[in-house]
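In what follows, a single structure is set out as structure tokens and then discussed.
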Amino acid sequence: MISSLSKKIYSYSKLAELIFFPSFCELCSSLLEFPRERVICHACWKSIRASHPSYCLCCGRFFEALEEPHVCQVCLEKRPPFSHHRSCGKYKGKLKDIILLYKYRHFQVLGKDLANFVYRALGREEEIWWKVDAIIPVPLHPKRKKKRGFNQAQIIAKELARIKGIELRDQMLLKIKNVPPQTSLRVEERAENVSGAFGVAKGNKIKGKVVLLVDDVYTTGSTIRECSSVLRKAGVKEVKALTVAQA
Ligand SMILES: [Zn+2]
Ligand SMILES: [Zn+2]
């Protein structure tokens with residue numbers, strides 16, 4: 040009885056919202072009419088292919104050819120400072136558009152939806168979540184965070200930590216140098232750019248832990264590598280990484 044009443048009240052308030060404040064999908068312009076549809080419609084979310092069938096089992100780099108997942112030549116020659124990295128999808132099409140809306144048009148509400156997208160794509164991948172003690176977002180420099188108003192990786196990491204019941208440690212890894220954005224640089228400049236840009240907070244109690252780094256986009260992997268090296272030097276036993284999309 041109460042639930043049917045609350046459903047009625049909900050549908051009336053949704054109806055009023057639709058009449059007085061109609062909102063439309065930022066990607067396809069269709070009316071957002073379903074509960075919890077915000078900014079992007081359900082159909083657009085559903086049309087994004089979550090996960091990629093062919094990738095390196097270590098660095099997570101997507102293979103162009105549809106090969107079975109295996110460890111790539113680069114990782115065979117030199118293992119990265121993290122043990123596993125996985126991205127959900129390619130940084131293109133609607134997934135790219137959503138990430139750009141989220142980061143640069145201040146649709147902060149999309150952070151939770153992106154975390155849910157990550158969970159749908161990779162939430163059951165054992166090797167990513169196995170024995171993870173803490174989730175750590177890739178930090179922004181305080182000046183950049185102030186300018187944007189939020190850290191895009193932190194919102195996604197927080198929601199993933201909540202869904203998976205894992206501790207969030209978002210004050211532990213710090214961006215200590217305000218370097219130019221990686222997207223503004225050439226591929227060969229990126230590793231140098233982030234070298235020495237991250238540090239670990241004092242009294243962090245992270246020794247011997249297994250952590251999962253979370254970021255929005257993986258391009259050359261320089262940021263994830265640098266963060267992983269810093270964490271390993273601080274005594275972290277194992278670093279894994281998860282990104283929404285891979286360029
Ligand atoms: Zn749409
Ligand atoms: Zn690899």
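Last residue of the sequence shown: number 286 in my numbering, and the count goes up by one each step with no gaps.
Cβ coordinates follow ideal geometry from the N, Cα and C atoms, glycine included.
Distance, Cα to Cα, residue i vs residue j?
{"i": "Val218", "j": "Cys97", "result": "28 Å"}
{"i": "Lys314", "j": "Ala284", "result": "Examination of residue 314 is not possible in this model, given that the chain is present from 40 through 286 alone."}
{"i": "Gln147", "j": "Cys67", "result": "19 Å"}
{"i": "Glu265", "j": "Lys216", "result": "13 Å"}
{"i": "Ser122", "j": "Leu115", "result": "12 Å"}
{"i": "Gly247", "j": "Lys131", "result": "37 Å"}
{"i": "Glu227", "j": "Lys214", "result": "21 Å"}
{"i": "Lys276", "j": "Ser50", "result": "50 Å"}
{"i": "Gly238", "j": "Ser86", "result": "39 Å"}
{"i": "Glu72", "j": "Lys47", "result": "15 Å"}
{"i": "Phe102", "j": "His91", "result": "9 Å"}
{"i": "Cys80", "j": "Leu70", "result": "8 Å"}
{"i": "Leu319", "j": "Leu153", "result": "Lying outside 40 to 286, the shown extent of the chain, residue 319 is not represented and no answer is given."}
{"i": "Val113", "j": "Pro181", "result": "34 Å"}
{"i": "Ser43", "j": "Arg159", "result": "29 Å"}
{"i": "Asp209", "j": "Gly242", "result": "14 Å"}
{"i": "Gly274", "j": "Lys186", "result": "32 Å"}
Since residue i sits in a beta bridge, which residues does DSSP pair it with?
{"i": "Asp254", "result": "Thr282"}
{"i": "His123", "result": "Lys279"}
{"i": "Ile137", "result": "Paired residue(s): none; Ile137 is not in a bridge."}
{"i": "Lys151", "result": "Per DSSP, none; premise fails for Lys151."}
{"i": "Ile175", "result": "Leu252"}
{"i": "Lys129", "result": "Gln285"}
{"i": "Glu239", "result": "The sequence shown places Val at residue 239, not Glu. The partner list for Val239 (beta bridge, DSSP) reads Leu212."}
{"i": "Cys95", "result": "His109"}
With distances taken from CA atoms, which of the options is nearest residue i?
{"i": "Leu179", "options": "Leu153, Asp255, Ser268", "result": "Asp255"}
{"i": "Gln221", "options": "Gly150, Ile263, Val253, Leu213", "result": "Ile263"}
{"i": "Ala280", "options": "Glu107, Ser62, Val249", "result": "Val249"}
{"i": "Ile167", "options": "Trp84, Leu212, Val239, Cys127", "result": "Cys127"}
{"i": "Glu164", "options": "Ala89, Arg183, Ile137", "result": "Ala89"}
{"i": "Thr258", "options": "Ala286, Lys182, Leu270, Gly204", "result": "Ala286"}
{"i": "Lys162", "options": "Lys133, Asn190, Arg201", "result": "Per the sequence presented here, residue 162 reads as Gly, with Lys not at that position. Nearest option by C-alpha distance: Arg201."}
{"i": "Gly204", "options": "Val171, Ser43, Arg144", "result": "Val171"}
{"i": "Arg183", "options": "Lys142, Leu199, Leu153, Asp209", "result": "Lys142"}
{"i": "Gln193", "options": "Leu251, Ile137, Ala160, Leu44", "result": "Leu251"}
{"i": "Gly188", "options": "Asn155, Ser223, Asp152, His145", "result": "His145"}
{"i": "Thr282", "options": "Lys135, Ser43, Ala104", "result": "Lys135"}
{"i": "Leu199", "options": "Lys185, Arg229, Asn155, Ser268", "result": "Asn155"}
{"i": "Lys133", "options": "Val78, Lys185, Ser62", "result": "Val78"}
Can you check whether the CB of residue j is closer than 7 Å to the CB of residue i?
{"i": "Ala8", "j": "Val253", "result": "Outside the modelled stretch of the chain, which goes from 40 to 286, sits residue 8, for which no answer is possible."}
{"i": "Arg118", "j": "Gly99", "result": "no"}
{"i": "Tyr94", "j": "Pro74", "result": "no"}
{"i": "Leu207", "j": "Ile174", "result": "yes"}
{"i": "Cys83", "j": "Cys64", "result": "yes"}
{"i": "Ser261", "j": "Val233", "result": "yes"}
{"i": "Met211", "j": "Ala240", "result": "yes"}
{"i": "Pro120", "j": "Ser223", "result": "no"}
Let me know if residue i comes out buried or exposed under the rule of 16 or more other beta-carbons within 10 Å of its beta-carbon.
{"i": "Trp169", "result": "exposed"}
{"i": "Gly150", "result": "buried"}
{"i": "Glu76", "result": "buried"}
{"i": "Pro176", "result": "buried"}
{"i": "Leu270", "result": "buried"}
{"i": "Ala104", "result": "exposed"}
{"i": "Arg229", "result": "buried"}
Is the Cβ of residue i closer than 7 Å to any Cβ of chain C?
{"i": "Arg159", "result": "Judged by its chain identifiers, the structure shown contains no chain C, having just a single protein chain."}
Exercise answer, beta-carbon shell around ligand 4 heavy atoms below 7 Å: By its list of ligands, the structure shown excludes ligand 4, since it contains just ligand 1 and ligand 2.
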